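Notes for the one structure printed next.
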Amino acid sequence: MTKFFTILLGVLCLSTVAFAQTNGTTQFGIQVGYNSSSITSNNLSATFRSGFNAGVSIEHYFSERWSFKGKVLSDQKGWADGFFLVSVNNSPIGYATNFDYIDIPLLANWHFGHTKKWYLNFGPYIGFLTSAKLASDNTDIKSFFNSTDGGLDLGIGVKFPIAGQIRLFIEYNGQAGVVNINNDSRSTIRNATGALNIGLTF
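Position 3 (the sequence shown) corresponds to 37 in the working numbering; numbering is contiguous.
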């Protein structure tokens, strides 16, 4: 948790300083959401795990249509009823796996529609693995996985005015990992996540 808040503070401070140098509106946000996560792999299969995410964001508008949004999220990922390759006769053994990440998406937002309430966001994300455990008995398997993840984030959302500058938003985002998170070179494993989020901007 200390690492999470350190990264959060650093991102928010750097973003605030950078955005202060440009004209436009800057908004802060909080969000919570439902994650459905699994993996893509060259020779393993897995079903989706349900989890949650929560975090904060900062968004700077350069124009009516374009803005930049940075997020810091605590993300639950992993898979259910799938396979994790262990060194037992080189055979895949079936395990459900729980990951916890700190994710930092850096997104360009395009606002559209008559009132610009709708938006598309897209850009890269980087993730830092904080925990990896077997779902059955909480065995720590973090050493089997890379500590850093990364990939592409794509989403769509809509905002609803509540009062003053406060907006309620509903957003769906999908993440496709491009980094092999498996330390065993015999198998390539990449994260894949979909998230339905709700939050406030102010």
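We put the CB at the ideal spot given by N, CA and C, even for glycine. These numbers were taken from a predicted model, which means no experiment stands behind them.
- Spatial neighbours of Asn77 in its own chain (CB-CB distance under 7 Å, excluding positions within 5 residues in sequence) are listed in chain order as Ser221.
- In the three-state scheme derived from DSSP, where H, G and I count as helix and E and B as strand, Lys151 is classed as coil.
- Contact between Ala229 and Gly67 holds, since their C-beta atoms are separated by about 5 Å, short of 8 Å.
- Per DSSP, Thr235 is one residue of the beta strand (DSSP E) stretching across Ile223 to Thr235.
- The beta carbons of Asp187 and Ile215 sit no closer together than 7 Å.
- Going by beta carbons, Leu163 and Ile190 fall outside the 7 Å limit.
- Annotation for Phe62: the continuous beta strand (DSSP E) segment containing it runs Thr60 to Ser75.
- Burial is judged here by how many other beta carbons sit within 10 angstroms of a residue's own beta carbon; Arg99 has fewer than 16 and is exposed.
- Secondary structure at Ser219: coil, using DSSP grouped into helix, strand and coil.
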